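A.B. asks: Letter by letter, the sequence shown follows residues 16 to 447 in our numbering.
Each residue gets a CB set at the ideal place from its N, CA and C atoms; glycine is no exception.
Note that the structure is a prediction, hence the values are computed from the model and not measured.
Got a structure for you, questions after.
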Amino acid sequence: MTASAPLPSVRDAVPAPMPLDEVNLADLDNFTDGVTPWRMFHTLRHQDPVHWQPEDAPNNGFWALTRHADIARVDRDAETFTSTRFVNLEEVDDDQIKKRASILELDGVRHRALRSLIQRQFGAGVINGYTDFLRGLTATTLDTALAKGTFDFVADVSADFPINVLARLLDVPPEDNQRLIDWGNRIIGNTDPDYADVLLHSAESEQYRDLPFRSPASLEVFDYGRELARQRRGKDGTDLVSRLVNTPPRDGVPLSGQDFDNYFLLLVVAGNETTRHTITHSMLALLQHPEQLARLQQDPALIPVAVEEFLRWASPVYHFRRTATRDVEMGGKQIREGDKVVMWFASGNRDEEVFGNPYDFDVSRQNNDHVTFGKGSPHLCLGNLLARTEIRIMFEELIPRLAGIRPAGEVPRVRSNFVNGIKKLPVEVTLA
């Protein structure tokens with residue numbers, strides 16, 4: 016297919032700002048319509064970019080950072096803004112931290128040591144070697160889904176594809192895929208009644224306070240991972256589980272059983288959720304901006320550039336939290352030692368100081384300095400290259416197959432201010 020003259024980008028409307036006194040980032044119901052979060056972020060960036068957000072008990076409130084520059088500053092300064100007090104909004108005590116901390120909740124030498132256990136498996140040398148496998152897997156996913164004509168894009172494409180990749184990395188059978196998806200939904204969706212076994216803020220959750228995300232599904236993930244570890248310990252496998260159980264950390268401190276549990280659970284959750292939601296948001300954006308889909312159909316060479324716009328636009332994780340280790344001034348506000356400081360990545364990805372016309376979805380956007388994977392910190396998403404590769408190959412394979420694609424139903428969203436998730440995306444397709 017030869018490239019033709021690019022189509023113009025359609026200018027999207029700036030969301031109507033919300034009055035500052037109505038902004039509430041702690042109200043999960045504000046995150047279910049796909050519009051209200053962007054109204055709140057727009058108001059905060061322009062009126063109160065370092066904003067104190069009260070929370071209901073037992074939480075104490077947090078500082079909300081909504082500008083790109085402030086997010087980057089905090090993400091890069093682990094000495095002043097630590098991850099060791101946890102990266103979600105939940106208040107945790109020292110005992111919970113000891114039991115629940117994963118690599119996300121570590122800084123410094125120990126963080127680097129545990130990260131290095133599998134870092135090579137996510138490097139360019141390994142990921143580039145997956146290209147043929149990923150392309151074949153994508154073709155299989157699309158062959159099955161597109162043949163239906165009308166289907167749920169989430170269930171049949173954007174969830175199916177990354178979970179098959181994760182199964183390959185963990186070396187587990189494809190028949191376990193649905194279990195992995197369900198565990199991710201139940202754990203990350205711990206504030207959504209459609210997903211959660213026990214809602215995070217319910218009294219019932221107190222009995223699960225020592226489990227990741229206070230989710231009883233974590234126990235099932237632990238049991239599953241422990242059995243894999245038992246089977247692979249002392250053998251020469253190259254999968255992620257084998258690497259974890261057979262590679263001594265560089266700091267000389269062995270990986271404990273609890274370390275393994277929490278690391279494995281993180282792989283199950285992070286290895287599926289973010290890529291799945293990015294692919295879904297990207298498809299929804301192309302449905303809403305058919306002129307941008309036409310650009311990619313006319314010029315497939317744009318797809319690698321478009322991937323960065325997909326990631327910026329999707330912002331699959333709304334925020335990550337840090338905790339101040341000392342008193343510090345930001346944006347004219349005095350942050351105290353022990354205060355929660357929350358980086359709203361989704362807002363940073365719409366910052367007018369960084370992105371021209373940030374509310375335009377533009378698949379040819381250049382110099383796309385998004386913060387979807389973090390911003391230059393030691394906690395930069397380990398799987399960022401894999402995610403980029405999965406997304407690129409998905410749309411390289413999907414777009415040429417489509418003569419037309421239309422929405423075919425409601426698009427419900429996950430009730431969460433942590434994960435920017437879409438539950439279902441019904442579509443009807445006409446094949447090329």
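Smallest Cα separation from Phe-77: which of Ala-339, Gly-419 and Glu-425?
C.D. replies: On the sequence shown, position 62 is the one that residue 77 refers to. Checking every option, the nearest Cα to that of Phe-77 belongs to Ala-339.
A.B. asks: Within a Cβ cutoff of 6 Å, which residues of the same chain sit near Thr-445, ignoring the five residues on either side of it in sequence?
C.D. replies: Position 430 of the sequence shown, counting from 1, holds the residue named residue 445. The residues are Ala-418 and Gly-419.
A.B. asks: Per DSSP, which one or two residues make a beta bridge with Pro-441?
C.D. replies: Residue 441 sits at position 426 when you count from the first residue of the sequence shown. DSSP, once it has assigned bridges, lists Asp-167 as partnering Pro-441.
A.B. asks: Which value, in whole angstroms, describes the spacing of the CA atoms of Arg-248 and Ser-257?
C.D. replies: Counted from its first residue, the sequence shown places residue 248 at position 233. Counted from its first residue, the sequence shown places residue 257 at position 242. Taking the straight line joining both Cα atoms gives about 7 Å.
A.B. asks: Could you check what DSSP says for Ala-139 in three-state terms: helix, strand or coil?
C.D. replies: Locating residue 139 in the sequence shown gives position 124, counting from the first residue. If DSSP states are grouped into helix, strand and coil, Ala-139 belongs with the helices.
A.B. asks: Considering only the alpha carbon of each residue, which of Ser-173, His-216, Ser-217 and Pro-227 lies closest to Trp-198?
C.D. replies: Mapped onto the sequence shown, residue 198 falls at position 183. Minimum Cα distance to Trp-198 is reached at Pro-227.
A.B. asks: Could you check whether Ile-437 and Thr-295 sit closer than 7 Å to each other, using their CB atoms as the reference points?
C.D. replies: Here residue 295 is taken as the residue at index 280 of the sequence shown, counted from 1. Here residue 437 is taken as the residue at index 422 of the sequence shown, counted from 1. Yes; because the gap between Cβ atoms is below 7 Å, this pair is in contact.
A.B. asks: In angstroms with no decimal places, state the Cα-to-Cα distance between Gly-424 and Val-442.
C.D. replies: As a working note, residue 424 is residue 409 in the sequence shown. As a working note, residue 442 is residue 427 in the sequence shown. One C-alpha to the other measures close to 7 Å.
A.B. asks: Following the continuous beta strand (DSSP E) through Pro-319, name the residue where it begins and the one where it ends.
C.D. replies: For the purposes of this step, residue 319 is identified with residue 304 of the sequence shown, where counting begins at 1. It is not in any beta strand (DSSP E) - Pro-319 instead sits in the alpha helix (DSSP H) that spans 318-329.
A.B. asks: Which class does Ala-41 belong to by DSSP, given the choice of helix, strand or coil?
C.D. replies: Indexing the sequence shown from 1 puts residue 41 at position 26. Reduced to three states, the DSSP call for Ala-41 is coil.
A.B. asks: Note down the Cα distance separating Arg-125 from Asp-266, rounded to an integer number of angstroms.
C.D. replies: By one-based count along the sequence shown, residue 125 stands at place 110. By one-based count along the sequence shown, residue 266 stands at place 251. Approximately 7 Å between the Cα atoms of the pair.
A.B. asks: Name, in chain order, the residues that DSSP records as bridge partners for His-334.
C.D. replies: In the sequence shown, counting from the first residue as 1, residue 334 sits at position 319. Paired residues: Trp-359.
A.B. asks: According to DSSP, is Glu-344 helix, strand or coil?
C.D. replies: Here residue 344 corresponds to residue number 329 of the sequence shown, with the count starting at 1. Three-state result, Glu-344: strand.
A.B. asks: Does the beta-carbon of Gly-347 have 16 or more other beta-carbons within 10 angstroms, so that it is buried, or is it exposed?
C.D. replies: Taking the first residue of the sequence shown as 1, we reach residue 347 at position 332. By the 10 Å Cβ count, Gly-347 comes out exposed.
A.B. asks: Take Asn-364 and list the residues in its own chain whose beta-carbon comes closer than 7 Å to its own, dropping the five residues that flank it on each side.
C.D. replies: Translated into the one-based positions of the sequence shown, residue 364 becomes position 349. Taken in chain order, the residues that qualify are Arg-327, Ser-330, His-385, Val-386 and Thr-387.
A.B. asks: By the DSSP assignment, the alpha helix (DSSP H) with Gln-307 in it spans what residues?
C.D. replies: Here residue 307 is taken as the residue at index 292 of the sequence shown, counted from 1. 305-313 is the extent of the alpha helix (DSSP H) around Gln-307.
A.B. asks: Using 7 Å as the threshold, is the C-beta distance between Pro-69 and Arg-54 below it?
C.D. replies: In the sequence shown, residue 69 corresponds to position 54, counting from 1. In the sequence shown, residue 54 corresponds to position 39, counting from 1. Contact: no.
A.B. asks: In angstroms, rounded to a whole number, what distance separates the CA positions of Asn-277 and Thr-159?
C.D. replies: Numbered from 1 along the sequence shown, position 262 holds the residue referred to as residue 277. Numbered from 1 along the sequence shown, position 144 holds the residue referred to as residue 159. Approximately 34 Å, taken between the alpha carbons.
A.B. asks: Just tell me which of Asn-103, Leu-413 and Pro-393 has its CA closest to the CA of Asp-92.
C.D. replies: The sequence position of residue 92 within the sequence shown is 77, counting from 1. The shortest Cα separation from Asp-92 among Asn-103, Leu-413 and Pro-393 belongs to Pro-393.
A.B. asks: Can you check which of these residues, Glu-190, Pro-264, Gln-312 and Asp-212, is closest to Glu-412 by C-alpha distance?
C.D. replies: In the sequence shown, residue 412 corresponds to position 397, counting from 1. Considering only alpha carbons, the answer is Gln-312.
A.B. asks: Which residues in the same chain as Leu-149 place their Cβ atom closer than 8 Å to its Cβ, once the five residues preceding and following it in sequence are excluded?
C.D. replies: By 1-based counting over the sequence shown, the position of residue 149 is 134. The answer, listed in chain order, is Val-180, Thr-404, Glu-405 and Ile-408.
A.B. asks: Could you spell out the range, first to last residue, of the alpha helix (DSSP H) harbouring Arg-15?
C.D. replies: Residue coverage of the chain in this structure runs from 16 to 447, which leaves residue 15 outside it and unanswerable.
A.B. asks: Can you give me the Cβ contacts of Asn-205 inside the same chain, cut-off strictly under 6 Å, excluding the 5 residues immediately before and after it?
C.D. replies: Walking along the sequence shown from the start, residue 205 turns up at place 190. So the list reads Ala-211, Leu-215, Phe-228 and Ser-230, once near-sequence residues are dropped.
A.B. asks: Quick check: Pro-177 and Asn-287, are their CB atoms within less than 7 Å of each other?
C.D. replies: For the purposes of this step, residue 177 is taken as the residue at position 162 of the sequence shown. For the purposes of this step, residue 287 is taken as the residue at position 272 of the sequence shown. In contact: Pro-177 and Asn-287 (Cβ atoms closer than 7 Å).
A.B. asks: The alpha helix (DSSP H) spanning Arg-130 covers which residue range?
C.D. replies: In the sequence shown, counting from the first residue as 1, residue 130 sits at position 115. Per DSSP, Arg-130 belongs to the alpha helix (DSSP H) from 123-134.
A.B. asks: Using CA atoms only, rank isn't needed, just tell me which of His-304, Val-268 and Gly-151 is closest to Asp-375.
C.D. replies: Residue numbering aside, residue 375 sits at position 360 when the sequence shown is read from its first letter. The shortest C-alpha separation from Asp-375 is found at His-304.
A.B. asks: Any idea what DSSP makes of Ala-79, helix, strand or coil?
C.D. replies: If you number the sequence shown from 1, residue 79 lands on position 64. Reduced to three states, the DSSP call for Ala-79 is strand.
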